[in-house]
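Residue numbers (UniProt numbering): 1 to 149.
To keep things clear, I will list the structure first and then write my remarks on it.
Okay, structure coming up:
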């Protein structure tokens, strides 16, 4: 850990500036739609928008312990409002999370992931309507609970 890292970690950032410690490191960005982008964070701005270089998209199907990964590294520009979580990756342990999982074809898995995501959205909308009819006040947060499939 460098002196710069120690200095930055001593200040509790509550803004997009908290991302500065991840620049030029391998990160995993989880988006609100359930997609995960893994690559090197190159830059960001005050709105939390990110640029990830050499990124690959990884899709997870947790119930069946299957995953798929895009084969062509790309540059991803991610809007801050679509970012759910960002974390740095230990390069040595990067694939430990998918150890024992079956790798699938990306194109087929993308369609399956999209179908499951849409089902989860519809289910949450129906549940929110039921609660709303019972008198509960429901905010529009169903987009953030898409990982329950």
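Every residue, glycine too, gets a C-beta built ideally from N, C-alpha and C.
- Task: Entirely within the stretch 41 to 124 and at least 3 residues each: give me those beta strand (DSSP E) ranges in chain order.
- Result: 50 to 61, 66 to 69, 74 to 78, 83 to 88
- Cβ-based neighbour list, residue 67, same chain, cut-off 8 Å, excluding 5 preceding and 5 following: In the chain shown, counting from the first residue as 1, residue 67 sits at position 67. Contacts found: 58, 59, 60, 61, 98, 101, 102, 103, 104, 109.
- Query: Since residue 48 contacts residue 89 with CB under 8 Å, what's their CB separation in whole angstroms?
  - Reply: For the purposes of this step, residue 48 is identified with residue 48 of the chain shown, where counting begins at 1. For the purposes of this step, residue 89 is identified with residue 89 of the chain shown, where counting begins at 1. Not quite, the Cβ-Cβ distance comes to about 19 Å (not below 8 Å), so this is no contact.
- Message: Rounded to whole angstroms, what is the Cα-Cα separation between residue 112 and residue 32?
- Response: Walking along the chain shown from the start, residue 112 turns up at place 112. Walking along the chain shown from the start, residue 32 turns up at place 32. Using only the alpha carbons, I get a separation of about 17 Å.
- Query: Quick one, which of 127, 114, 27, 116 has its alpha-carbon nearest residue 93's?
  - Reply: The residue you call residue 93 lines up with position 93 of the chain shown. Closest option to residue 93, Cα to Cα, is 27.
- Residues near residue 87 in its chain [Cβ-Cβ closer than 7 Å; skip 5 each side]: The residue labelled residue 87 in the question sits at position 87 within the chain shown. Contacts found: 27, 28.
- Cβ separation of residue 52 and residue 39, assumed to be a contact under 8 Å, to the nearest whole Å: One-based indexing of the chain shown puts residue 52 at position 52. One-based indexing of the chain shown puts residue 39 at position 39. With a Cβ gap of about 4 Å, residue 52 and residue 39 count as contacting.
- Item | Residues near residue 74 by beta carbon distance below 7 Å, same chain, minus five either side | In the chain shown, residue 74 corresponds to position 74, counting from 1. The answer, listed in chain order, is 55.
- Can you check whether the CB of residue 50 is closer than 7 Å to the CB of residue 78? Along the chain shown, one-based indexing puts residue 78 at 78. Along the chain shown, one-based indexing puts residue 50 at 50. Yes. Within cutoff.
- Message: Could you compute how far the alpha carbon of residue 25 sits from the alpha carbon of residue 41?
- Response: The sequence position of residue 25 within the chain shown is 25, counting from 1. The sequence position of residue 41 within the chain shown is 41, counting from 1. Spanning the two alpha carbons is a distance of roughly 6 Å.
- Task: Spell out the partners DSSP gives residue 39 in its beta bridges.
- Result: As a first step, residue 39 must be located in the chain shown, where it is residue number 39. According to DSSP, which records beta bridges pairwise, residue 39 is partnered with 27.
- Does the Cβ of residue 91 have 16 or more other Cβ atoms within 10 Å, making it buried, or fewer, making it exposed? In the chain shown, the residue the question calls residue 91 occupies position 91. Counting Cβ neighbours within 10 Å, residue 91 comes out exposed, since fewer than 16 surround it.
- Query: What residues in its chain sit with their C-beta under 7 Å from that of residue 46, if we drop five residues either side in the sequence?
  - Reply: Position 46 of the chain shown, counted from the first residue, corresponds to residue 46. Closer than 7 Å at the Cβ level, and outside the excluded window around residue 46, lie 16.
- Pairwise C-alpha distance: residue 36 and residue 124: Here residue 124 corresponds to residue number 124 of the chain shown, with the count starting at 1. Here residue 36 corresponds to residue number 36 of the chain shown, with the count starting at 1. Each residue's Cα considered, the two are about 21 Å apart.
- When you compare only the Cα positions, how much space is there between residue 96 and residue 76? Stepping through the chain shown from its first residue, residue 96 is reached at position 96. Stepping through the chain shown from its first residue, residue 76 is reached at position 76. Their Cα atoms are separated by approximately 24 Å.
- Task: Can you have a look at residue 34 and say buried or exposed, based on whether 16 or more other CB atoms are within 10 angstroms of its CB?
- Result: Sequence index remark: in the chain shown, residue 34 carries index 34 (1-based). So residue 34 counts as buried.
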